[in-house]
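Note sheet for the following structure.
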Amino acid sequence: DIAAAKKLQTEAEEIQKKIDDQLRQAKSENGDLIKSATSNFQNQAVKELQQLDDEIGLKLEESSTLIEKNKIESIQKIHAQIFEITKLIVSKISNVPISDNEIKEVVDSVEQKVIH
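Going by our numbering, the sequence shown opens with residue 849, and the numbers climb by one from there.
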């Protein structure tokens, strides 16, 4: 009976060793899977963030261009209104005929002084 018990004990120890080895291997594989999944997630997040950053940069550039275009158009409209107002004022207070070019030159001259 002692020999049979020793044999069973040896078999049980071998089975326990196999179980322990399989558990270690499974733990190692799970650790590798978690590391891989984490790395893949981080890479995907970085890729998506870069894409969003690129899109935002493009939108900012488009907005800046649109703002500059609108600014130029507004300045041109203001300039045209100043010209028309000046022309109207000159015609009301003076009987001297003045050409559009003369008015434009005076308005441009005054604008340059105001800008600088």
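Every residue, glycine too, gets a C-beta built ideally from N, C-alpha and C. Computed from a prediction, not measured in an experiment: that's the story for all the values here.
Excluding the 5 residues flanking Ile946 on each side, which residues of the same chain have their C-beta closer than 6 Å to its C-beta? Val938
Arg872 to Lys854 span [Cα, whole Å]: 26 Å
Between the C-alpha atoms of Lys925 and Lys952, what's the straight-line distance to the nearest angstrom? 14 Å
Could you check whether the Cβ of Glu916 sits closer than 8 Å to any heavy atom belonging to the ligand GTP? As presented, the structure is devoid of all ligands, the ligand GTP included, so that no description of it is given.
Between the CA atoms of Val955 and Thr934 - distance to the nearest angstrom: 8 Å
Any idea what DSSP makes of Ile946, helix, strand or coil? coil
According to DSSP, is Asp880 helix, strand or coil? helix
Indicate whether Ile930 and Glu959 have their beta-carbon atoms separated by less than 9 Å. yes
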